[in-house]
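This is how it looks when you write it as structure tokens:
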């Protein structure tokens, strides 16, 4: 009893003379030394002939049902299909296609661009996993009058299936980073949709770009599933729910909180002690794969067993960074978003040091100094800086320089870097080592200024399974493409506005 701290072995209920009993570990043996655990009478009777481990698991499920991540089985297949249909990956969107120090202006103001800074969210998916997750058995409930109030007041947690829209008076406010991310088919034959500029360009290329489904930012969503933390942010920032279809109710818990802290602590230890650097790198891989592997769509392989809403939380964090940090502290005439990826944002500023000189007022500066720790690692002491460097969800400078060309998603060049950085190039599907003649400032600027497209050459080898031989190949493909349709490109070929989708 002392070893069990006077608690039931099965249900951990406190024991007293009126409810204590001796239970056998192996029911085939008697009450002998080494085959006894102390339990409450209720568990002893309820166990019957179940094995010790099976009964222990049963009690664990009873007491922690709302804290566990349940598999979505046949009983909830409707929920599974609804969630799968509403999965939207990480956004990769170009807002403004070219910015250069002392050459381009911030928006329509008379302020010249002075610096481009890229901010990266540290371990964003790990941060999302460490937040509240939908746990327990998922249950679908119908709409009722006060459902939005219950969500706002934390009486309901889960996913709301609804129509939502941005009010007309807020569309200008949300015009750069539209708040609702959704997969939608873009009809390139619709001139009014993609605009005259890109429509005419595509026609001049013999309609090379075809109709496709892409992830865009939008002003509205119809019959979409929204995670309640993200929905609360929408409502707090003025978006309106027009119609509710259903609600998928879940228990609110943080099942991966300890795991995320273990990963972060291991990486902090690696910073302090070089002898643990290998463990730190291993934990980094484990942290990254926790979402990548578990969130994989295995429907083509085997039954899907696990689902999180980390991507919704990742989008929420990037929206918070834009509207609750950058846009809150700085006037829009002093900054302009160039492009965003799942966990990063590249921004043009009208000064070299925005978080020193660009604040709207002294009040905003004081507010930032009090809340810096919510966005960036602290730098007041070496200990705080070292600790926050590995804190998931905080933002850090990824790149700083004087020019950027962003042609399309995953296709941009950051150049003229400051001394501590290097030129950064992203060219999805193009072998960088073989195509240095186009993947340079002249190539990217030539595309944006000349409204042209450059070809790239990839070379490699592959295994021919028929002849069972290794063959080399040479592939000529579009390397730098002027065409872009996730937002409507204006006549200057650089500025963009949202699609009316």
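Residue numbers (this note's numbering): 7 to 507. C-beta atoms are modelled at their ideal positions from N, C-alpha and C, and glycine is treated no differently.
Please classify residue i as buried or exposed, where buried requires at least 16 other C-beta atoms within 10 Å of its C-beta.
i: residue 150; result: exposed
i: residue 139; result: buried
i: residue 336; result: buried
i: residue 152; result: exposed
i: residue 175; result: exposed
i: residue 346; result: buried
i: residue 321; result: buried
i: residue 485; result: buried
i: residue 291; result: exposed
i: residue 308; result: At residue 308, the pLDDT of 48 sits below 50, so the modelled position is not reliable and the matter cannot be decided from this model.
i: residue 24; result: exposed
i: residue 16; result: buried
i: residue 186; result: buried
i: residue 284; result: exposed
i: residue 462; result: buried
Taking C-alpha atoms, which residue in the options lies nearest to residue i?
i: residue 215; options: 492, 359, 360; result: 492
i: residue 220; options: 136, 428, 97; result: 97
i: residue 450; options: 472, 481, 411, 482; result: 411
i: residue 122; options: 387, 406, 21, 283; result: 406
i: residue 18; options: 272, 36, 43; result: 43
i: residue 156; options: 229, 211, 460, 234; result: 234
i: residue 190; options: 226, 35, 291, 207; result: 226
i: residue 418; options: 351, 380, 468, 376; result: 351
i: residue 261; options: 242, 284, 133; result: 133
i: residue 268; options: 168, 240, 396, 245; result: 396
i: residue 211; options: 457, 11, 259; result: 457
i: residue 339; options: 365, 88, 373; result: 365
i: residue 426; options: 94, 296, 404, 436; result: 404
i: residue 94; options: 247, 63, 318, 164; result: 318
i: residue 88; options: 231, 34, 185, 66; result: 231
i: residue 90; options: 188, 484, 461; result: 188
i: residue 507; options: 223, 271, 247; result: 223
i: residue 192; options: 182, 281, 201; result: 201
i: residue 424; options: 120, 37, 334, 496; result: 120
i: residue 371; options: 184, 245, 334, 57; result: 334
i: residue 270; options: 343, 36, 293; result: 293
Can you give the Cα-Cα distance for residue i and residue j, rounded to whole angstroms?
i: residue 359; j: residue 445; result: 29 Å
i: residue 415; j: residue 402; result: 22 Å
i: residue 323; j: residue 40; result: 54 Å
i: residue 129; j: residue 431; result: 21 Å
i: residue 311; j: residue 83; result: In this predicted model, residue 311 has a pLDDT of only 43, less than 50, meaning its place in the structure is not dependable; the value taken from the coordinates is given anyway. Roughly 12 Å between the two C-alpha positions.
i: residue 195; j: residue 505; result: 14 Å
i: residue 273; j: residue 471; result: 43 Å
i: residue 390; j: residue 125; result: 20 Å
i: residue 64; j: residue 243; result: 44 Å
i: residue 296; j: residue 367; result: 42 Å
i: residue 363; j: residue 387; result: 22 Å
i: residue 179; j: residue 276; result: 43 Å
i: residue 328; j: residue 495; result: 21 Å
i: residue 114; j: residue 342; result: 10 Å
i: residue 101; j: residue 279; result: 42 Å
i: residue 34; j: residue 22; result: 27 Å
i: residue 131; j: residue 316; result: 6 Å
i: residue 376; j: residue 281; result: 36 Å
i: residue 20; j: residue 13; result: 4 Å
i: residue 172; j: residue 217; result: 26 Å
If I measure Cβ to Cβ from residue i and keep anything under 6 Å in the same chain, skipping five residues before and after, which residues do I get?
i: residue 500; result: 103, 104
i: residue 313; result: In this predicted model, residue 313 has a pLDDT of only 47, less than 50, meaning its place in the structure is not dependable enough to derive any value.
i: residue 381; result: 331, 401
i: residue 145; result: 255
i: residue 162; result: 156
i: residue 464; result: 437, 481
i: residue 32; result: 41
i: residue 420; result: 405, 407, 410, 430
i: residue 497; result: 203
Leaving aside the five residues before and after residue i along the sequence, list all residues of the same chain whose C-beta is less than 8 Å from its C-beta, in chain order.
i: residue 454; result: 103, 104, 411, 413, 488, 499, 500
i: residue 118; result: 107, 108, 109, 110, 111, 112, 356
i: residue 468; result: 476, 477, 479
Which residues in the same chain as residue i place their Cβ atom closer than 7 Å to its Cβ, once the five residues preceding and following it in sequence are excluded?
i: residue 177; result: 225
i: residue 148; result: 252
i: residue 205; result: 197
i: residue 250; result: 149, 153, 166, 168
i: residue 158; result: 238, 241
i: residue 136; result: 260, 262, 263, 266, 398
i: residue 393; result: 274
Handout entry: Contiguous alpha helix (DSSP H) assignments of at least 4 residues, all confined to the region 382-448
Key = Within the region 382-448, the complete alpha helix (DSSP H) runs of at least 4 residues are 388-394.
Exercise for the section: Any chance you could list the beta strand (DSSP E) runs of at least 3 consecutive residues sitting entirely within the region 231-312, in chain order? Expected result: Unbroken beta strand (DSSP E) runs of no fewer than 3 residues, entirely contained in the region 231-312, are found at 246-259, following chain order.
Practice task
Return the chain-ordered ranges of every alpha helix (DSSP H) run that is complete within the region 305-380 and spans a minimum of 4 residues.
Solution key: Within the region 305-380, the complete alpha helix (DSSP H) runs of at least 4 residues fall at 316-326, 360-363, 368-377.
Exercise for the section: Give, in chain order, every unbroken run of the beta strand (DSSP E) that is at least 3 residues long and sits entirely within the region 91-175. Expected result: For the region 91-175, whole beta strand (DSSP E) runs of length 3 or above, ordered along the chain, are 104-106, 121-127, 139-147, 164-171.
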